[in-house]
Amino acid sequence: MQFFGGSEISPSPPAPTASGNNGHMLYVFNRNGICLLYREWNRPLHTLNAQQDHKLMFGLLFSLKSLTAKMDPTSSEKGNLGVPQLPGQGCSFHSFRTNTYKLSFMETPSGIKIILVTHPRTGDLRESLKYIYNLYVEYVVKNPLYTPGAPIRSELFNTTLDQYVRGIA
Amino acid sequence: MIGVGKIKQYGNVLDKPLAKGKQEVSLSAFAFLFSELVQYNQTQVDNIGELERRLEDAGYAVGARVLELLCHRDKGNRRETRLLGILSFVHSTVWKVLFGKVADSLEKGTEHEDEYMISEKELLVNKFISIPKDMGTFNCGAFVAGIVRGVLDGAGFPAVVTAHFVPMEGQQRPRTTILIKFAEEVLRREARLG
Amino acid sequence: MAPVAPRSGDAIFANIERVNAELFTLTYGAIVRQLLTDLEEVEEVNKQLDQMGYNIGIRLIDEFLAKSNVSRCVDFRETAEVIAKVGFKMFLGVTASVTNWDAEGTCCSIVLEDNPLVDFVELPDNCQGLYYCNILSGVIRGALDMVSMKAEVTWLRDALRGDDVFELQVKLLKQVPEEYPYKDDE
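One line per chain: the protein sequences are A, B and C, in this order.
The first sequence: position 117 = 106 (my numbering), numbered continuously.
Take any residue in the second sequence, count from 1 to its spot, add 79: that is its number in my numbering.
Take any residue in the third sequence, count from 1 to its spot, add 501: that is its number in my numbering.
Structure, rendered in structure tokens:
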């Protein structure tokens, strides 16, 4: 899915240089909208406090999902706009691009949402998000000292994640 | 039930061949179960020391039972009577059954005569662990220390067994060392045997 | 990108790291033993085992989804089959079967012939009320909860109590739609 114009963005930002500096930030939310993790690598502008920022991001995804499903021309079973859906019901979007950034999104049937914001020219990151989900499973979910629903504090996960994101964007 | 009361003997369980020991479950099934053991015990204690002690207790029950199983399988029921024999039994036989491999190393303590160390680069129970700063020196390896103590105790070698992280040069993750300090009587007996 | 087909339980189990079932069985035994000492009442132990299972279920679901490529769980019938065929195989290395569907398709039985939790186990006389495997019902309940299915899971047959197999009844109570978790004025 693409928003705000086609693929030719003008003036276009410099193409990714593969320097590993094209990952901006990453969010992980659980099914209750709790932000389990926020990582930031490259974000010059902060206009909101962290809590507002997370809430806005979650709200953006929630509304967008509901809208994209509503506009789905291929499915006949659609509720009214705003009527809650079961997770996994309806279609879902996986990325959108603006002239300044690209947002890639994945949601699991268990309601874990992973959002990676990168340079607008980054390619398809769906497999990368899956990989990040796997990292989450290995380093967070299986950590005996992690309590589900709590913010992630695992250094091991953070360093592995940082390294991985540097490698892909 | 394992380790509880006297076992009532039904035909059912006895019919099962005890010697199979080849079945496997996924590592994650164990990891989740172990996580829950840790999480539950965290609700039962006030400090890290107590938490380790409770994990060690749980491990002790496993160790005692492992010894029974292995003795049963080893038809001759031969018992290790010497210190080095029992140590190598733990380091190789027990480790192989429980963790699928022989332990990385078995060493004698350099400062104390009664101390031995079994070390593992990545101990199964520490594989997924990330210790938050407020938990200091907490080591899930206490469970494995308990297993070792259970085996040693059952075989007549009482010891104090503890688990420690040892930083490794050039490695991101520390290794785990299981420190075994034998009771005085064990060393006296060993000396007598010559 | 075409949706990836879910992987079979056998394929996953063959490709993941495994441990000797005895370590698992004996560790579980140590947990039950600890609970019996701490809680004394068998009924309390049953409850705690169920709760621990639930806690495992809400974690394990993510491992399950990540490894199995299952991308949606909307249909209960399908979900029950996946639990039995893929879930049990992938974690415990055993297969279970699904039977006894009711007419509405909201209630079924999962039957387990082989159960690695109970090797070497006998219930002593003072524990006759114990549901030794209660952790399993909790796991299923927790995992279903995370995919928005509120379910009730109860034991119908228990081999430790003289039945020939283990049989769990799984009853779907309701499916919970996703809602916006924040109030507007927050």
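Where a beta carbon is used, it is the ideal one built from N, C-alpha and C, also for glycine.
Predicted model only: the values in this text are computed from it and were never measured.
If you reduce the DSSP assignment to three classes, tell me which class residue i lands in.
| i | result |
| --- | --- |
| B:F261 | strand |
| C:W656 | strand |
| A:I104 | strand |
| B:L148 | helix |
| A:N11 | coil |
| B:V92 | With a pLDDT of only 48 at B:V92, under the threshold of 50, the placement of this residue in the model should not be trusted, and no figure is reported. |
| C:R573 | coil |
| C:A506 | coil |
| A:Q74 | coil |
| A:L25 | strand |
| C:C609 | strand |
| B:S171 | helix |
| B:T198 | Checking the sequence, you will find Ser at residue 198 of chain B rather than Thr. Of the three classes helix, strand and coil, the one that applies to B:S198 here is strand, per DSSP. |
| B:L185 | strand |
| B:F111 | helix |
| B:F217 | coil |
| B:E269 | helix |
| A:E(-3) | Residue placement at A:E(-3) cannot be trusted, given a pLDDT of 39 that sits under 50; the coordinates are not used to answer. |
| B:K87 | Any reading at B:K87 must be qualified, since the residue scores a pLDDT of 36, below 50, and its modelled position is unreliable; the value itself is stated next. Residue state, collapsed to three classes: coil. |
| C:Y683 | coil |
| A:N132 | coil |
| A:E35 | Rather than Glu, the amino acid found at residue 35 of chain A in this sequence is His. Coil at A:H35, not helix or strand. |
| C:R560 | helix |
| B:G82 | Any answer about B:G82 is weak, because its pLDDT of 43 lies below 50 and its placement is not dependable; what the coordinates show is given next. Here B:G82 sits in coil by DSSP. |
| A:H43 | helix |
| C:T746 | Nothing about residue 746 of chain C can be reported from this structure: the residues present for chain C run from 502 to 687 only. |
| A:N123 | helix |
| A:N60 | Asn is not the amino acid found at residue 60 of chain A; the sequence shown has Met there. Of the three classes helix, strand and coil, the one that applies to A:M60 here is coil, per DSSP. |
| B:I127 | helix |
Judging by CA-CA distance, which residue of the options is the nearest neighbour of residue i?
| i | options | result |
| --- | --- | --- |
| B:L134 | B:G220, B:F236, B:M247, B:L266 | B:G220 |
| C:R457 | C:G588, C:R560, C:V599 | Any answer about residue 457 of chain C is impossible in this case: the structure gives chain C only from 502 up to 687. |
| B:S171 | B:I165, B:V181, B:L177 | B:V181 |
| C:V575 | A:G112, A:L145, A:T148, A:T97 | A:T97 |
| B:F244 | B:G229, B:V204, B:I226 | B:V204 |
| B:L116 | A:L134, A:I141, A:Q152, A:R142 | A:L134 |
| C:I636 | C:E668, C:N521, C:A506, C:G558 | C:G558 |
| C:Y529 | C:F621, C:L540, C:V571 | C:F621 |
| B:W174 | C:N601, C:V648, C:V520, C:A515 | C:V520 |
| A:T63 | A:C80, A:S55, A:K54 | A:C80 |
| A:R20 | C:D626, C:M647, C:K684 | C:M647 |
| A:T149 | A:Y122, A:T136, A:H35 | A:Y122 |
| B:E190 | B:E264, B:K212, B:L258 | B:L258 |
| B:D213 | A:S143, A:R110, A:K54, A:Y120 | A:S143 |
| C:L540 | C:P678, C:G588, C:L631 | C:L631 |
| B:L166 | B:V240, B:R152, B:E248, B:K206 | B:V240 |
| C:K684 | A:A158, A:Q41, A:F146 | A:Q41 |
| C:D626 | C:R662, C:R560, C:A522 | C:R662 |
Provide the residue(s) that pair with residue i in DSSP beta bridges, ordered along the chain.
| i | result |
| --- | --- |
| B:H243 | B:T256 |
| A:K91 | A:R86, A:T107 |
| C:K675 | C:K651 |
| A:V17 | A:L26, A:I103 |
| C:A597 | C:L613 |
| B:E103 | C:N521 |
| B:A238 | B:F261 |
| C:L669 | C:I611, C:W656 |
| A:E96 | A:K102 |
Beta-carbon of residue i versus every beta-carbon of chain F: anything under 7 Å?
| i | result |
| --- | --- |
| B:A238 | Absent here is chain F; the protein component of the structure consists of chains A, B and C. |
inquiry  = Taking beta-carbon pairs under 9 Å, can you tell me which members of the stretch 24 to 51 of chain A lie near chain C?
reply    = K44, F47, G48, F51
The stretch 553 to 567 of chain C / the stretch 639 to 646 of chain C touching (three or more Cβ pairs under 8 Å) = yes
key: Residues within the stretch 164 to 190 of chain B neighbouring chain C, beta-carbon criterion of under 7 Å   = Under the 7 Å Cβ criterion, the stretch 164 to 190 of chain B contributes V176, L177, G179.
query = Using a Cβ cut-off of 8 Å, which residues of the stretch 571 to 599 of chain C contact any Cβ in chain A, in chain order?
reply = V571, S572, R573, C574, V575
query = Counting pairs of Cβ atoms below 8 Å between the stretch 554 to 569 of chain C and the stretch 589 to 598 of chain C, do you hit three or more?
reply = yes
request  = Quick one: which residues of the stretch 533 to 561 of chain C get their C-beta closer than 7 Å to a C-beta of chain B? List them in chain order.
outcome  = V533, R534, Q535, L537, D539, M553, N556, I557, R560, L561
ask   = If you pair each beta-carbon of the stretch 536 to 547 of chain C with each one of the stretch 602 to 614 of chain C, do three or more pairs fall below 8 Å?
value = no
ask   = When Cβ atoms are compared, which residues of the stretch 121 to 151 of chain A fall closer than 9 Å to chain B?
value = V126, E127, Y128, V129, V130, K131, N132, P133, L134, Y135, T136, R142, S143, E144, L145, F146, T148
inquiry  = Please list, in chain order, the residues of the stretch 114 to 131 of chain B that have any C-beta partner in chain A closer than 9 Å.
reply    = The residues in question are S114, E115, L116, V117, Q118, Q121.
request  = Could you tell me whether the stretch 100 to 114 of chain B touches the stretch 192 to 202 of chain B, where touching means 3 or more Cβ pairs closer than 8 Å?
outcome  = no
request  = With 9 Å as the C-beta to C-beta threshold (strictly closer), list the residues of the stretch 86 to 117 of chain A near chain C in chain order.
outcome  = T97, P98, S99, G100, I101, D113, R115, E116
query = Would you say the stretch 28 to 35 of chain A touches the stretch 45 to 63 of chain A, given that touching needs at least three Cβ pairs under 8 Å?
reply = In short, these stretches do not touch, since the Cβ pair count stays below three.
message = Three or more C-beta pairs under 8 Å: does that hold for the stretch 221 to 236 of chain B against the stretch 130 to 150 of chain B?
response = The stretch 221 to 236 of chain B, when compared against the stretch 130 to 150 of chain B, does touch it at the 8 Å Cβ threshold.
Segment contact, 8 Å Cβ cut-off, at least three pairs: the stretch 111 to 118 of chain A with the stretch 85 to 100 of chain A = yes
key: Residues within the stretch 518 to 533 of chain C neighbouring chain B, beta-carbon criterion of under 9 Å   = Those residues of the stretch 518 to 533 of chain C that come within reach of chain B (Cβ to Cβ, closer than 9 Å) are E518, R519, V520, N521, A522, E523, L524, F525, T526, L527, T528, Y529, G530, A531, I532, V533.
ask   = At a Cβ cut of 8 Å, what residues of the stretch 600 to 617 of chain C count as close to chain B, listed as they run along the chain?
value = P617
query = Listed in chain order, which residues of the stretch 231 to 258 of chain B have Cβ atoms closer than 7 Å to some Cβ of chain C?
reply = Only those residues of the stretch 231 to 258 of chain B whose C-beta falls short of 7 Å from the nearest C-beta of chain C would be listed, and there are none.
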